[in-house]
Amino acid sequence: MTATGDYTIASLDTGLRAMRLFLTHDTLTVTEAAGHLRVGRSTAHRVLSTLESRGF
Numbered sequence: 031m032t033a034t035g036d037y038t039i040a041s042l043d044t045g046l047r048a049m050r051l052f053l054t055h056d057t058l059t060v061t062e063a064a065g066h067l068r069v070g071r072s073t074a075h076r077v078l079s080t081l082e083s084r085g086f
């Protein structure tokens with residue numbers, strides 16, 4: 031773990047990484063996003079749904 035890693039909020043990190051995916055991908059399925067993020071499909075779905083509900 032890095033020195034700053036001790037203060038990382040995992041769910042926020044996952045959400046930010048999900049947002050970055052769309053810089054290089056126009057569309058992604060939940061399964062594809064889960065693979066890129068290295069999380070389960072249900073986690074990817076919740077993250078993507080949250081981002082969508084917030085207008086991202």
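In this note's numbering, the protein residues as written are 31 to 86.
Glycine included, C-beta positions come from ideal geometry on N, C-alpha and C.
- Task: Would you list, in sequence order, the uninterrupted alpha helix (DSSP H) runs of no fewer than 4 residues that lie entirely inside the segment 39–85?
- Result: 40–54, 60–67, 71–83
- Item | Backbone CA spacing between I39 and L46 [nearest angstrom] | Here the question's residue 39 lines up with position 9 in the sequence shown. Here the question's residue 46 lines up with position 16 in the sequence shown. Cα-Cα distance, rounded: 11 Å.
- Exposed or buried, L42, counting other C-beta atoms within 10 Å across all chains shown (16 or more means buried)? Counted from its first residue, the sequence shown places residue 42 at position 12. That one is exposed.
- Query: Do you know how far the Cα of E82 is from the Cα of L67?
  - Reply: Within the sequence shown, the letter at position 37 stands for residue 67. Within the sequence shown, the letter at position 52 stands for residue 82. If I take the Cα positions, the gap works out to 17 Å.
- Message: Between the alpha carbons of D56 and V69, how many angstroms are there, rounded?
- Response: Taking the first residue of the sequence shown as 1, we reach residue 56 at position 26. Taking the first residue of the sequence shown as 1, we reach residue 69 at position 39. C-alpha separation (whole angstroms): 20 Å.
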